[in-house]
Each structure stands twice: as structure tokens, then as C-alpha cells.
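Chains as they are written, first to last, in our numbering: chain A, 504 to 686; chain B, 504 to 686.
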Ligand SMILES: [Mg+2]
Ligand SMILES: [Mg+2]
């Protein structure tokens with residue numbers, strides 16, 4: 504004890520845990536209001552015991568029709584999906600569902616910011632990649648002759664995100680850099 | 504049959520059903536991207552049967568920490584809560600939780616549009632009331648000497664919403680009128 508490096512200390516934290524902590528930080532510090540949407544559940548059966556809370560006894564996970572996170576930052580609508588991959592050198596596009604890609608396209612059409620946060624768990628590197636580049640890759644799978652986005656593509660078009668303690672993953676700094684550096 | 508009035512035909516539709524249909528209409532017609540957030544559920548136990556979908560066997564409803572609907576419209580972040588009341592002449596403030604009021608305040612601080620849609624089921628009138636007026640009433644319960652917002656207060660500060668078929672409840676027209684009539 505005492506000589507645990509920051510890298511060591513945060514091992515085992517998932518991207519979702521990092522984001523939840525960071526969103527709480529952003530909220531408490533007046534930076535932004537961004538929440539994870541609840542997991543969509545199909546409820547089949549509920550019991551109502553006397554004098555206690557309703558108990559769901561049969562339910563199933565539904566496939567999400569949108570992305571995981573949304574909210575407001577600097578007066579802008581923000582919407583993103585967070586994904587981890589154990590692949591070292593590419594991101595498999597099958598991790599993004601067709602309706603999620605469509606959703607991101609719609610968001611952009613209406614003036615919102617849409618992107619994907621991709622973490623490579625092996626290297627612990629996390630990138631912000633604007634939906635434009637995700638959609639472009641998806642539309643050109645045949646040209647690229649592969650179904651995984653190569654790391655160099657993500658490095659070229661994305662924005663790497665610094666890790667820290669508070670917030671643990673300062674992805675809004677990457678948003679500033681990518682979308683608002685002209686300000 | 505044949506002489507059912509529109510008013511008759513839509514009896515029994517809840518505000519949520521009207522909103523879901525209208526949001527679908529808005530999405531399909533390229534007007535806006537607004538979704539209802541899934542109900543937050545605390546999952547306690549899940550079974551993983553062989554060769555079939557994971558089954559949630561114990562779960563409970565959690566109190567939502569935000570509002571019901573959000574999305575993007577005209578480049579703006581939009582966030583609202585939808586409520587029905589059977590009261591004829593006032594809206595009980597206890598229908599809005601403290602964290603929902605706080606959430607709406609935060610949204611406004613960051614440049615989003617926040618409001619409540621209130622339906623009086625007896626008269627089938629639905630109003631859009633900007634969060635500013637909801638928060639003002641809540642902050643002055645002592646002055647108003649009541650815990651229900653009177654209908655005249657809602658009529659004065661809110662915007663009534665026309666009912667139709669497609670979309671069933673054109674609340675974005677009320678948004679246009681209230682927030683964008685200067686354009
Ligand atoms: Mg996800
Ligand atoms: Mg509600």
C-alpha cells in the first residue's frame with residue numbers, strides 16, 4: 504500500500520463506472536447535465552404484496568433503440584454511446600446497432616452533438632469519435648474491406664480523452680477540443 | 504358507428520400514449536428527436552436459462568431522478584415531465600418530485616428548454632408550462648397559501664396545446680409559440 508500508481512488504482516473500473524462518476528462530478532460542479540438512460544426492460548409480471556413495494560417477477564431486457572447517454576452542455580444537446588472493446592487494434596462495428604447509428608444521424612440532423620466513446624481496455628485508451636466518422640466508416644465497409652474500425656482511423660479522426668480522478672474521465676474536455684476549439 | 508366524434512374516438516388515450524404517438528410522428532417527419540426514457544428498474548435477480556433470453560425474476564421500480572422525456576428540437580435540448588390530474592381546477596404540486604424540480608432548474612441553467620405538460624383529464628385540456636413558472640410557484644407555496652397550482656395560474660403562464668390526429672398532441676407547436684414566436 505502507499506505506492507499504488509493512479510493507473511493501478513483505477514484498474515477494474517469500467518467505462519460506465521467512470522462515466523457515471525464523471526457525470527456526477529459535472530452535475531455537482533455546474534458543468535453539464537448528462538445522465539445515463541435506464542436500461543429498457545420489458546415487464547411481463549408484477550406482484551403487489553400488501554404493505555410493501557411492487558415486485559417485478561418476470562421481465563426481459565429489451566434492445567435499446569437509442570444511445571446510452573444524453574443531456575445538455577453549453578446550451579447544446581449532447582448524445583453518445585459508450586463502448587469498450589478488448590480488441591487491441593480495432594473496434595468491431597457490430598458493437599453498434601443499426602438503430603443506434605440511425606439515431607446518431609437523426610441527432611446530428613437536428614443540431615445535436617452525437618459521438619461514440621470507445622475504450623480499448625488493453626491499453627486503457629479512450630477516444631471520442633464524432634458520429635460523422637462512425638457513419639462514414641459504416642457506409643464504406645465495402646471500400647475499407649473490413650468490419651472493424653482500425654485504431655489509426657480512430658486516432659486520426661477522434662480525440663483521445665485524458666484520465667484523472669475528478670472527473671475520472673474528462674470527456675467534456677475532449678468535447679471542448681473537438682467541437683468548441685474555435686470559440 | 505360512423506358518427507363518432509374525434510373527441511369520442513380519442514377517449515381513453517393517456518397523455519403518455521398521445522406523446523409516444525406524437526414523438527413517433529415527429530421522428531418520422533424529421534421534426535424532432537424526442538424519446539421517453541425507460542422506467543428505472545432496480546434489478547435484484549436474473550436467471551440465464553440455456554438457449555433462451557435472460558429472465559429477470561426479481562426487480563423493483565426505482566424513483567426517477569430526472570424527467571420522462573428529452574431530446575433535440577431546432578438545435579435545442581428539450582426536457583419535460585408529463586403529468587395527468589383528475590382534479591378539475593388545480594394541479595397538485597406533490598405530483599412533481601423535488602429532484603425533478605431540481606433537474607428542470609439545472610437544465611435551464613445550461614441553456615436547455617424545460618417544461619411540464621399538464622393534462623386535466625376531466626376537461627381533456629393539456630397545457631405546456633415552462634419550468635420557470637413551476638419553480639416560481641413551488642418557491643412561493645407559502646405566499647400562495649396552497650399546494651396546488653390553480654388552473655388560472657396555468658392558463659395565464661402556460662400555453663394550451665391543440666389536440667389532433669397526426670400528431671395527436673402537437674406540443675411542439677406550443678413550444679414554437681412559447682419559445683420561438685420571436686423568430
Ligand atoms: Mg452501451
Ligand atoms: Mg411522468
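For each residue, glycine too, the CB sits at the ideal point set by N, CA and C.
Excluding sequence positions up to five away, which residues of its chain have a Cβ less than 7 Å from the Cβ of residue 663/B? If we look at residue 663/B and ignore the five residues flanking it on each side, its Cβ neighbours are 628, 630.
Using a Cβ-Cβ cut-off of 8 Å, state whether residue 473/A counts as contacting chain B. The structure shown does not extend to residue 473/A, since chain A is modelled only from 504 through 686, so no value can be given for it.
Can you tell me whether residue 644/A is buried or exposed? The criterion is at least 16 other CB atoms within 10 Å of its CB, across all chains shown. The Cβ neighbour count for residue 644/A, taken over all protein chains shown within 10 Å, is under 16; the residue is labelled exposed.
Here's the rule I'm using: 16 or more other beta-carbon atoms within 10 Å means buried, otherwise exposed. How should residue 584/B be labelled? Counting Cβ neighbours within 10 Å, residue 584/B comes out buried, since at least 16 surround it.
What runs of the beta strand (DSSP E), each 3 residues or longer, lie entirely inside the segment 568-650 of chain B? Fully enclosed beta strand (DSSP E) runs of 3 or longer: 572-576, 579-588, 593-595, 616-623, 628-633.
Under the assumption that residue 527/A contacts residue 541/B (Cβ atoms under 8 Å), give the Cβ distance between them as a whole number of angstroms. Actually they are not in contact, since the Cβ atoms of residue 527/A and residue 541/B sit about 20 Å apart, beyond 8 Å.
Are there 16 or more other CB atoms within 10 angstroms of the CB of residue 504/B, so buried, or fewer, so exposed? With a pLDDT of only 39 at residue 504/B, under the threshold of 50, the placement of this residue in the model should not be trusted; the figure read from the coordinates follows. It counts as exposed.
Report, in whole angstroms, the separation of the C-beta atoms of residue 530/A and residue 593/A, which I expect to be a contact under 8 Å. Wrong, their Cβ atoms sit about 34 Å apart, outside the cutoff.
Is it buried or exposed for residue 622/B, if we count other Cβ within 10 angstroms and need 16 for buried? It is buried - the Cβ of residue 622/B has at least 16 other Cβ atoms within 10 Å.
Taking the beta strand (DSSP E) that residue 538/B belongs to, which residues open and close that run? Annotation for residue 538/B: the continuous beta strand (DSSP E) segment containing it runs 536-539.
Simplified DSSP assignment, three categories, for residue 665/A: The answer is coil: DSSP assigns residue 665/A none of H, G, I, E or B.
Please report the distance separating the alpha-carbon of residue 618/B from that of residue 544/A. The C-alpha of residue 544/A is placed about 26 Å away from the C-alpha of residue 618/B.
In or out: residue 566/A buried (at least 16 other Cβ within 10 Å) or exposed? It is exposed - the Cβ of residue 566/A has fewer than 16 other Cβ atoms within 10 Å.
Would residue 544/A count as contacting chain B if we go by Cβ distances under 8 Å? Yes, contact with chain B.
From 680/B, 682/B, 581/B, 671/B, residue whose alpha carbon lies closest to that of residue 522/B: Residue 522/B has its Cα closest to that of 671/B, out of 680/B, 682/B, 581/B, 671/B.
Which residues in the same chain as residue 552/A place their Cβ atom closer than 7 Å to its Cβ, once the five residues preceding and following it in sequence are excluded? So the list reads 558, once near-sequence residues are dropped.
Environment of residue 569/B [buried if 16+ CB atoms lie within 10 Å]: Of the other Cβ atoms in all chains shown, 16 or more fall within 10 Å of the Cβ of residue 569/B; this residue is therefore buried.
So residue 660/B is in the alpha helix (DSSP H); what residue range does that whole segment cover? Segment 654-660, the alpha helix (DSSP H) holding residue 660/B.
Beta-carbon proximity list for residue 677/A, same chain, < 6 Å, skipping 5 on both sides: Closer than 6 Å at Cβ, skipping near neighbours: 631, 662, 664.
Could you confirm whether any beta carbon from chain A is found closer than 8 Å to the beta carbon of residue 717/B? This structure leaves residue 717/B out entirely; chain B is present only between 504 and 686.
Which residues bound the alpha helix (DSSP H) around residue 676/A? Secondary structure note for residue 676/A: its alpha helix (DSSP H) is the uninterrupted segment 674-682.
In whole angstroms, what is the alpha-carbon distance linking residue 656/B and residue 667/B? Cα to Cα, the separation comes out at about 25 Å.
Chain-ordered chain A contacts of residue 575/B [CB-CB under 8 Å]: Under the 8 Å cutoff, chain A gives 580, 582, 610, 613, 614, 615.
Verify whether the separation of the beta carbon atoms of residue 561/B and residue 646/A is less than 8 Å. No, these two residues do not count as a Cβ contact at 8 Å.
Tell me the DSSP secondary structure of residue 553/B in three-state form. Correct three-state label for residue 553/B: coil.
Note down, in chain order, every chain B residue with its Cβ under 8 Å from the Cβ of residue 558/A. Under the 8 Å cutoff, chain B gives 561, 562, 563.
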